[in-house]
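Residue numbers -19 to -1, 1 to 411, in mature numbering (1 follows the signal peptide of the UniProt record, and there is no 0), belong to the letters of the sequence shown in order.
All C-beta atoms in this analysis are idealised placements derived from N, C-alpha and C, irrespective of residue type, glycine included.
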Amino acid sequence: MAFSYTVACLLALCSMARAQSRGDYSDVCVPTDGFGTYCPTTCGVADYLHKYKPEMDRDLDDLEEILQEISNMTKGAQDKVVYMRDSSTDAQKSAPRSDVYIQKSTNMLDDILRFERSIVAQEAQIYELQEILDANEKRMLQLKQLSLQLEQKCKLPCKDTVQIQPVTGKDCQDIANKGARTSGLYFVKPLQAKEQFLVYCDIDSTGSGWTVLQRRRDGTVDFKKNWIQYKEGFGYLSPDDTTEYWLGNEKMHLLSTQSQLPYVLRIEMVDWKGQKRTADYAMFKVGSEADQYRLTYAYHMGGDAGDAFDGYDFGDDPSDKFFTSHNGMQFSTYDRDNDKYDGNCALQDGSGWWMNRCHAAHLNGKYYQGGDYESRIDKSTTFDNGIIWVTWHSRWYSMKETTMKMIPINRMSAGGGQQVGVKQFGLGDI
Ligand SMILES: [Ca+2]
């Protein structure tokens, strides 16, 4: 057996040698124990290779499979890359369109936001308009009511003519003496008058007839007038005593100087609280135009308004009272300065009046609604120009209503009023 093995081995070795040259003799080699300790024989190498070949083959097969897989996967990846490239190209090709859509949708979103904002703003506007509408409806209702009131008022018969009483006389007391008992408009003709003129007579139930010279009641007539206007009179006479006027210096002169019978001037004032006060002056006269319609009276007879015509001590200067008295003063207007002042009182205070330097009483002054006017004027340019009677209210208080009226002095006792003592009076007293 050993022989055969050796022979075989030898044969195998020979064949190995041949095989080596030919390369196809691996199957016939017999492995020996000496392999690995000694230098390998040709057969040992062949056997060793043979032994590991299948495993290597399997591994190779596996590797081949893996490589195939990898190859497949690579192919897939390549395909994918191609696909992606194509897609990318396609996407690039279609990009402009999608940009348009994105832009469009962005625009739409912007529009929606804008509309939302617009809706909120419009809702606020609607609310405001609703409020205005409500206010207007309320106002319309008020106007409708007013319209109704006016309609009813218009249904009343209109008075298109002024009723003038038929009785005449030299003054209102003369008219009352003739039996007139109604206050209203009458023609009077003082003794020296060339023609009759219209006056308002305030006649009471006892038969006292007051001739009214001046009336302030609502500020509707501007009392800033010139010499001629104060001379002739201005404003409006009304049969029911509802208007403002100055009867006129010439008429006052004719009325107050027509006879030896002295007159009393009564000044009536109403303040803005509705309080009424009076001041009476005995032997009231207005001089002729030649004497610049000078004011004179004998004395203050009484009345609860105090004697402002006598001047007033304002505390500014010891001469205050002297320079603010009115008895004996000539009449001044802005265009005719007859006052005792270096300047022009009538121009400064915008009135016509018996100015001194300048006044403590000023019934033709500017009409100030509400009374107190000090805070309403610029005192560097405007002085105490209101409707003033300083022995009742301060010079910064303007009266609501004034009346200047005259009556023969004998009616003062006859009318049940104050008893009057007549004092002699001359120009030397002023
Ligand atoms: Ca002057």
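Secondary structure note for I156: it is in no beta strand (DSSP E), and the uninterrupted alpha helix (DSSP H) holding it is 153 to 158. About 3 Å separates the CB atoms of L246 and F265; that is less than 8 Å, so the two are in contact. By the criterion of a C-beta distance shorter than 6 Å, Y348 is surrounded in its chain by G200, once the five residues flanking it on both sides are discounted. The Cβ-Cβ distance between Y226 and Q195 falls below 9 Å.
The beta-carbon separation of Y274 and G268, rounded to 6 Å, stays under the 8 Å limit for a contact. Within the DSSP bridge table, the entry for F215 names W227 as partners.
Under the DSSP definition of a beta bridge, P389 partners with Y244. Contact between G292 and T314 is ruled out by a C-beta separation of about 21 Å, above the 8 Å threshold. Within the chosen limit of 8 Å, ligand 1 does not reach the beta carbon of K170 with any heavy atom. F204 and A174 have their C-alpha atoms roughly 25 Å apart. When beta bridges are read from the DSSP output, E249 appears opposite T259, T384. Only residues of its own chain outside the window of five on either side were considered, and among them Y315 have a CB closer than 7 Å to the CB of L328, listed in chain order. Around the beta-carbon of E50, fewer than 16 other beta-carbon atoms lie within 10 Å, marking it exposed. Under the DSSP definition of a beta bridge, G190 partners with I184. Closer than 8 Å to some heavy atom of ligand 1: that does not describe the Cβ of D316. Within the same chain, D353, Y354, E355, D365, G367 come within 8 Å of W377 by CB-CB distance, once the 5 residues on both sides are set aside. With respect to the C-alpha of D183, the residue from K170, N391, M387 having the closest C-alpha is M387.
Straight-line measurement puts the Cα of L127 at about 39 Å from the Cα of V101. When rounded, the separation of the alpha-carbon atoms in S52 and H31 is 30 Å. Annotated three-state conformation of Y354 is coil, per DSSP.
The C-beta separation of E382 from V251 comes to about 4 Å, placing the pair in contact by the 8 Å criterion. The C-alpha of Q311 is placed about 15 Å away from the C-alpha of D323. When DSSP states are grouped into helix, strand and coil, K266 belongs to the strand group. In the three-state scheme derived from DSSP, where H, G and I count as helix and E and B as strand, R98 is classed as helix.
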